[in-house]
Amino acid sequence: MRMKKFLAALKPFLSVLLFAAPVAAGVLLLLWAIANRSQPEKLPEQELARALRIIEFEPTAIVPRAIGFGESAASNSFQAIAEVKGKIVQLHPELKSGSFIRSGELLVAIDTADVEITIQKLQAEIARSEASVQELNATKKNYESGLEIEQSSLNLAKRELERMERLYSQNRAVSASEVDTQRRSVLAQQQSVQNLQSSLNLLPAQIQSAEASIKVSQSNLASSQRDLERCRIVAPFGCRLGPVDLELNEVVSVGQQLLTAQAIDKLEVEAQFGLDKIANLIRPEAKAPSMLKDLSVDPQEVIRKFFDVDVTLRYGAGDIRTSREATFERLREQLDAKARTVGIVVSVDRPFEEEGNARENGPAPVPGTYCEVELRGRPIEDAFVVPRSSIRDGTVFLVDDENRLRKRSVEVQLVQNNFAAIKGLGPGDRIVVSDPTPAIEGMLVDPQVDEQLAKTLQAEAGGDE
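Each residue of the sequence shown is one higher than the last, beginning at 1 in our numbering.
Laid out in structure tokens, this is it:
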């Protein structure tokens with residue numbers, strides 16, 4: 001009984017002992033392992049290289065370019081406006097909107113009957129006035145001849161009066177009444193001479209009035225003859241018709257608009273360009289044109305030579321794109337007040353000649369087409385280009401021969417699209433084209449050559465993209 005009590009009292013101590021013994025053994029084993037462990041081998045520190053994309057700096061040719069946009073318009077157009085009143089008696093068989101008309105073809109004919117009657121009346125008035133002038137000239141000649149005769153008669157009468165007065169003063173066979181009679185005869189003859197002279201003095205004014213009437217009638221006749229020409233409206237140049245709303249036998253009034261037409265020999269596009277884009281087209285050796293030194297030189301030709309560019313016109317919609325060669329025409333006289341751009345007008349000669357081959361050349365750019373205009377200057381040889389994004393505050397990052405990052409100041413010559421031409425580097429220099437931030441000069445670089453970017457830059461610089 002006592003033994004059982006003793007074992008029962010001892011049981012908790014045995015449980016603790018059974019748990020603590022393995023733990024103590026494990027601790028002792030751990031302490032022994034720590035005390036007898038080998039020390040870790042220390043490796044030398046290594047510098048990590050940062051991977052950056054680079055391109056090798058090689059000379060290439062740059063084609064300076066500028067791209068602008070604008071709408072096409074006909075170089076010339078005209079509005080046919082009725083200058084005479086009358087009934088339409090003839091219309092061109094193709095007088096419809098969009099039709100092509102050759103130069104000199106009759107478009108509209110207006111009845112000429114009223115104008116012809118007016119011309120006949122004026123011609124009759126001119127003939128009558130000319131006959132009146134002839135009659136007055138004949139009368140003048142008659143008056144001049146009659147005046148000479150009457151003057152001679154007056155001279156005879158005066159001499160007879162003088163003879164009779166002398167005889168009367170000598171108390172010869174002449175009475176006072178006979179002297180008075182002769183004196184009255186002289187006065188009557190003087191009156192006749194005076195009347196003829198007065199009539200003769202009036203004739204020049206009458207002749208002048210008749211001649212003035214002839215000039216007025218001739219002027220009216222010329223106006224009527226022009227009205228006769230105005231009854232026929234012909235195409236002044238090869239054109240394409242705009243809106244037309246005319247019918248045969250329709251009566252038109254003076255000033256009524258009949259139709260509009262646009263020239264087809266030349267198409268113009270006024271495109272807007274930024275000043276910085278235009279500046280890229282000017283070569284360093286080019287000199288500003290002076291149009292005041294030699295007035296015999298065509299100013300437009302001087303400007304065309306100054307802007308020695310090739311022009312390409314592109315237009316279309318969706319996947320259908322067409323391009324055509326164009327010509328530099330002129331520079332607009334002022335900047336756009338809002339956009340601060342300059343307008344340049346280019347042209348396409350005979351745009352509709354290739355209309356029949358539209359599958360190959362595309363349709364002609366009809367007026368109102370939104371166009372892209374590309375100007376290409378003369379190539380700049382042996383230039384060095386880098387992506388614009390690789391230039392930071394006038395500097396670029398390089399990778400030297402030891403693959404370490406270096407910073408170099410450069411001079412930007414030209415900026416165009418996604419690239420820039422620079423000075424300050426040489427062939428074979430390796431330019432960092434990815435973002436090196438944080439950039440620590442001298443840090444080790446793992447250079448990754450971006451061949452695709454180099455090809456893209458070369459193509460863009462050469463204008464082949």
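Beta carbons are placed, not taken as given, at the ideal position from N, Cα and C, and that holds for glycine.
No experiment lies behind these values; they were computed from the predicted model shown.
The region 151 to 158 makes contact with the region 182 to 196, as at least three CB pairs between them are under 8 Å.
Taken in chain order, the complete beta strand (DSSP E) segments of 3 or more residues contained in the region 308 to 356 are 310 to 317, 320 to 335 and 341 to 349. Fewer than three beta-carbon pairs drawn from the region 332 to 351 and the region 239 to 259 are found closer than 8 Å, and the two stretches are therefore not classed as touching.
Closest option to residue 127, judged by alpha-carbon separation, among 98, 146 and 216: 216.
Rounded to the nearest whole angstrom, the C-alpha separation of residue 52 and residue 406 is 13 Å. When beta bridges are read from the DSSP output, residue 405 appears opposite 399. For residue 149, the enclosing alpha helix (DSSP H) has its first and last residue at 113 to 169. Closest option to residue 265, judged by alpha-carbon separation, among 364, 66, 167 and 424: 364.
The region 309 to 324 makes contact with the region 376 to 392; the number of CB pairs closer than 8 Å reaches 3 or more. 270 is the residue among 421, 270, 334 and 446 whose C-alpha sits nearest the C-alpha of residue 369. Beta-bridge partners of residue 385 (DSSP): 421.
Residue state for residue 72 is assigned as strand, using DSSP reduced to three classes. In terms of Cα proximity to residue 72, the closest of 346, 180 and 417 is 346.
In the structure shown, the three-state DSSP call for residue 278 is helix. Shown here for residue 130: same chain residues with a beta carbon closer than 7 Å to its own, the five before and five after excluded, namely 214 in chain order.
In this structure, residue 207 lies near residue 137, with their beta-carbon atoms less than 8 Å apart. Assigned with DSSP and collapsed to three states, residue 439 falls in coil, not helix or strand.
Only residues of its own chain outside the window of five on either side were considered, and among them 263, 266 and 268 have a CB closer than 6 Å to the CB of residue 75, listed in chain order. Residue pairing of residue 239 in beta bridges, as defined by DSSP: 101 and 263. Residue state for residue 451 is assigned as helix, using DSSP reduced to three classes. Bounds of any beta strand (DSSP E) do not take in residue 369, whose DSSP letter is neither H nor E. Residue 393 carries a coil assignment under DSSP once its states are collapsed to helix, strand and coil.
The Cβ neighbour count for residue 450, taken over all protein chains shown within 10 Å, is at least 16; the residue is labelled buried. Closest option to residue 106, judged by alpha-carbon separation, among 113, 118, 88 and 384: 88. By the criterion of a C-beta distance shorter than 7 Å, residue 445 is surrounded in its chain by 49, 50, 52, 399, 403, 404 and 405, once the five residues flanking it on both sides are discounted.
Secondary structure at residue 219: helix, using DSSP grouped into helix, strand and coil.
As the crow flies, the alpha-carbon of residue 210 is around 6 Å from that of residue 133.
Between residue 457 and residue 385, the beta carbon gap of about 5 Å places them in contact (Cβ cut-off 8 Å). Annotation: the continuous beta strand (DSSP E) that includes residue 413 extends over 411 to 416.
Assigned with DSSP and collapsed to three states, residue 245 falls in coil, not helix or strand.
Of the other Cβ atoms in all chains shown, fewer than 16 fall within 10 Å of the Cβ of residue 236; this residue is therefore exposed.
Contact between residue 416 and residue 64 holds: their C-beta atoms lie close to 7 Å from each other, under 8 Å. Burial of residue 277 is indicated by the presence of at least 16 other C-beta atoms within 10 angstroms of its C-beta. Residue 62 and residue 371 have their C-alpha atoms roughly 24 Å apart. For residue 268, the pairing in a beta bridge is given by DSSP as 73 and 347.
Of 350, 253, 78 and 102, the smallest CA-CA separation from residue 238 is found for 102.
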